[in-house]
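Before any comments, here is the structure.
Number of protein chains: 2
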Amino acid sequence: MRADARKNHDHVLAVAGAVITEHGVDASLRDIARRAGVGLATLLRHFPTREALLDALLRTRFDELTATAGELATSNSPEDALVSWLRDCVTCAREYRGVVALMAAAIEDAESALHASCVTMRAAGTRLLARAQAAGAARTDIDGTDLFALVAALAWLGDQASFTPRSDHLFDVVASAILASAESSEAEGERRPRARS
Amino acid sequence: MRADARKNHDHVLAVAGAVITEHGVDASLRDIARRAGVGLATLLRHFPTREALLDALLRTRFDELTATAGELATSNSPEDALVSWLRDCVTCAREYRGVVALMAAAIEDAESALHASCVTMRAAGTRLLARAQAAGAARTDIDGTDLFALVAALAWLGDQASFTPRSDHLFDVVASAILASAESSEAEGERRPRARS
DNA sequence: ACCTGAACACCGTTCAAGT
DNA sequence: ACCTGAACACCGTTCAAGT
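Line by line, the protein sequences give chains A and B. The numbering used here puts the first residue of the first sequence at -12, with every later residue one more than the last. The numbering used here puts the first residue of the second sequence at -12, with every later residue one more than the last.
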């Protein structure tokens, strides 16, 4: 990449981070380009989609999350490691308001620039979940996709101004559901779970 | 209302229901007006905001939900009544893709045309929750706003194509958290809950 | 190589002018 | 009373023309 191109790339990224932090993930790309002092077409040439821009902004965080998952798997109890990592994920996914909806779409859209990061994140979560399940610390009727979905839902709740004050508490509520070791996967339907045959 | 205005009103509403069912809640109002054969300004005169249009579309469902809450409170066990009603809520909030985000914003925006419906819905849920809590069937550290938030989160999950296949299962997971009678409100932090002093 | 202005087809808002 | 076309200020996409 040419020196002037590199400079544009980095400057646009810095401005985009500031604008998206303020206005959320649907911020006007034209506005970002304007504030960065480049043409809109230049922004689009460096980051061909909104997802590509977000992935560039979050790449470092995603890598940190993956590294953290590896460390937690050896340094903490299966239960603590899982919950602590989930909290980190929610915090990360909340960094830019609205990004979690893009991530939900990206997880099964191989064309999305966010796809690889989301898949990696789900895989790291799946490993921590499996470890907790093997230790009897997490319910066994959920998988990595469910975990990703629950994290996404919690991040979404944090994005909504009306729910933000309760989002930490709601994290605990959902976390307790994940940790409930052998909780009935038939919480309703049958009023009282029948004894195992 | 004049007869021709009434006819426009009803026809626009019918077309809007079809278009929003197909394209979600961010469907182009211009497109709706076009398909209804009226000017965009006419649509805006009948429904001054997107929320007003949605409220008109969902009004019947909201009223049904309130009525159902009353019936369930007398005809079913506290636990069954709560879970059954929550399921109805999620189904309702999923009728139009994306509407749950508008509802989340409307619950604390008194100016929104959806505000009253959301507040009524939260109140009905709060009553069913209190009944279940009094019966020892629901955890006591959540309130009506938390319940509204959890329903919204589940509806949001159902809106995301990648999570839709698991949305029923995720409902059960979250429902089990709500029903866990005296589940620790400190699921993490302390690894093992200390004995009550 | 890299950048950019301009044209394009959209969007929701607003209002003067019509019936 | 009610309706509407048109002007307005936006949006993201695309590309021919410049350096």
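No residue lacks a Cβ here, since even glycine has one placed at the ideal position from N, Cα and C.
> At a Cβ threshold of 8 Å, is R181 (chain A) touching chain B?
Replying inline: With a pLDDT of only 34 at R181 (chain A), under 50, the local geometry of the prediction cannot be trusted, and the value read off the model is given with reservation. It does not; no Cβ of chain B falls within 8 Å.
> Hey, how far is the Cα of E9 (chain B) from the Cα of S15 (chain B)?
Replying inline: Each residue's Cα considered, the two are about 12 Å apart.
>> List, in chain order, every chain B residue whose beta-carbon is nearer than 7 Å to that of F150 (chain A).
In response: Simply A91, A136.
>> Does the CB of I94 (chain A) have a neighbour CB from chain B at under 8 Å?
In response: At least one C-beta of chain B is nearer than 8 Å to the C-beta of I94 (chain A).
>> Among A:S149, A:W143, A:G112, whose alpha-carbon lies nearest the alpha-carbon of R92 (chain B)?
In response: A small fix is needed here, since residue 92 (chain B) is Ala in this sequence, not Arg. The shortest C-alpha separation from A92 (chain B) is found at A:S149.
> Is it right to say S62 (chain B) is buried, meaning 16 or more other beta carbons lie within 10 angstroms of its own, or is it exposed?
Replying inline: Looking at its Cβ environment, which holds fewer than 16 other Cβ atoms inside 10 Å, S62 (chain B) is exposed.
>> Just verifying my parser: in three-state terms, what is the DSSP assignment at M(-12) (chain A)?
In response: Correct three-state label for M(-12) (chain A): coil.
> Rounded to a whole number of angstroms, what is the C-alpha to C-alpha distance between A56 (chain B) and G85 (chain A)?
Replying inline: Distance between A56 (chain B) and G85 (chain A), taken at the CA atoms: about 32 Å.
>> Does the region 70 to 87 of chain A come into contact with the region 126 to 140 of chain B, if we say contact requires no fewer than three beta-carbon pairs (one atom in each stretch) closer than 8 Å?
In response: When C-beta atoms of the region 70 to 87 of chain A are compared with those of the region 126 to 140 of chain B, fewer than three pairs fall below 8 Å, so the two segments do not count as touching.
> In whole angstroms, what separates the C-alpha of E66 (chain A) from that of D159 (chain A)?
Replying inline: So the two alpha carbons sit approximately 13 Å from each other.
> Hey, out of B:A20, B:D146, B:G123, whose CA is closest to I165 (chain B)'s CA?
Replying inline: Of the listed residues, the one whose Cα sits closest to I165 (chain B) is B:G123.
> Over what stretch of residues does the alpha helix (DSSP H) that includes R21 (chain B) continue unbroken?
Replying inline: Unbroken alpha helix (DSSP H) run through R21 (chain B): 16 to 23.
> Apart from the five residues on each side of it in sequence, which residues of its chain come closer than 6 Å, Cβ to Cβ, to T127 (chain B)?
Replying inline: The answer, listed in chain order, is Q120.
>> Within 8 Å of any Cβ in chain B, is that where the Cβ of D155 (chain A) sits?
In response: It does not: the Cβ of D155 (chain A) has no partner Cβ on chain B nearer than 8 Å.
> Quick one, which residues of the region 118 to 145 of chain A are near chain B if we go by CB-CB under 8 Å, in chain order?
Replying inline: Going along the region 118 to 145 of chain A in chain order, one finds R126, D128, I129, T132, D133, A136, L137, A139, A140, L141, W143, L144 with a Cβ nearer than 8 Å to chain B.
> Between the Cα of V87 (chain B) and the Cα atoms of B:P35, B:A1, B:D42, which residue gives the shortest distance?
Replying inline: Cα-wise, what sits closest to V87 (chain B) is B:D42.
> Which residues in the same chain as V2 (chain A) place their Cβ atom closer than 7 Å to its Cβ, once the five residues preceding and following it in sequence are excluded?
Replying inline: Cβ neighbours of V2 (chain A) beyond the five flanking positions: I19, R22, A23.
> Going along chain A in order, which residues have a C-beta closer than 8 Å to the C-beta of A167 (chain B)?
Replying inline: Under the 8 Å cutoff, chain A gives S163, A164, A167, E170.
>> Can you list, in chain order, the residues of its chain with a C-beta nearer than 7 Å to that of M90 (chain A)? Leave out the 5 residues immediately preceding and following it.
In response: Excluding residues within five positions, the ones whose Cβ falls inside 7 Å are A80, L101, C105, A139.
> Under a Cβ-count criterion, where at least 16 other Cβ atoms within 10 Å of its own Cβ denotes burial, should H33 (chain A) be classed as buried or exposed?
Replying inline: With 16 or more other Cβ atoms within 10 Å, it is buried.
>> Distance check for H(-4) (chain B) and E175 (chain B), CA to CA, integer angstroms please.
In response: Here E175 (chain B) scores only 39 on pLDDT, less than 50, and its place in the model is too uncertain to base an answer on.
> Sorted by chain position, which residues of the same chain lie with C-beta nearer than 7 Å to A167 (chain A)'s C-beta, five sequence neighbours on each side aside?
Replying inline: Closer than 7 Å at the Cβ level, and outside the excluded window around A167 (chain A), lie R126.
>> Below 8 Å on C-beta distance, what does V106 (chain B) contact in chain A?
In response: For V106 (chain B), no chain A residue has a C-beta closer than 8 Å to its own C-beta; the minimum C-beta separation is roughly 11 Å.
> So, is L73 (chain B) buried or exposed, given that buried needs 16 or more other C-beta atoms within 10 angstroms?
Replying inline: With 16 or more other Cβ atoms from the protein chains shown falling within 10 Å of its own Cβ, L73 (chain B) counts as buried.
>> Quick check on DSSP: helix, strand or coil for S104 (chain A)?
In response: DSSP, read as helix, strand or coil, puts S104 (chain A) in helix.
>> If I follow the unbroken alpha helix (DSSP H) through F158 (chain B), where does it start and stop?
In response: 154 to 166 is the span of the alpha helix (DSSP H), which, as asked, contains F158 (chain B).
> Roughly how many angstroms lie between the CA atoms of W143 (chain A) and A(-10) (chain B), to the nearest whole one?
Replying inline: About 44 Å.
>> Quick check: what's the CA-CA separation for E58 (chain B) versus R153 (chain A)?
In response: Near 30 Å, if we compare the C-alpha coordinates of R153 (chain A) and E58 (chain B).
>> Quick check on the burial criterion: 16 or more other C-beta atoms within 10 angstroms. Buried or exposed for E51 (chain A)?
In response: If you draw a 10 Å sphere on the C-beta of E51 (chain A), you find fewer than 16 other C-beta atoms in it, and that means exposed.
>> Can you give me the C-alpha to C-alpha distance between A60 (chain A) and L31 (chain A), rounded to a whole angstrom?
In response: Just so you know, the alpha carbons of A60 (chain A) and L31 (chain A) end up roughly 40 Å apart.
> By the criterion of Cβ-Cβ separation under 9 Å, what are the contact partners of V77 (chain A) in chain B?
Replying inline: Neighbours of V77 (chain A) on chain B: none; closest Cβ ~12 Å, over 9 Å.
> Helix, strand or coil: which one does DSSP assign to S71 (chain B)?
Replying inline: S71 (chain B) carries a helical assignment under DSSP once its states are collapsed to helix, strand and coil.
> Taking the alpha helix (DSSP H) that T55 (chain B) falls in, what are its first and last residues?
Replying inline: 37 to 62 is the extent of the alpha helix (DSSP H) around T55 (chain B).
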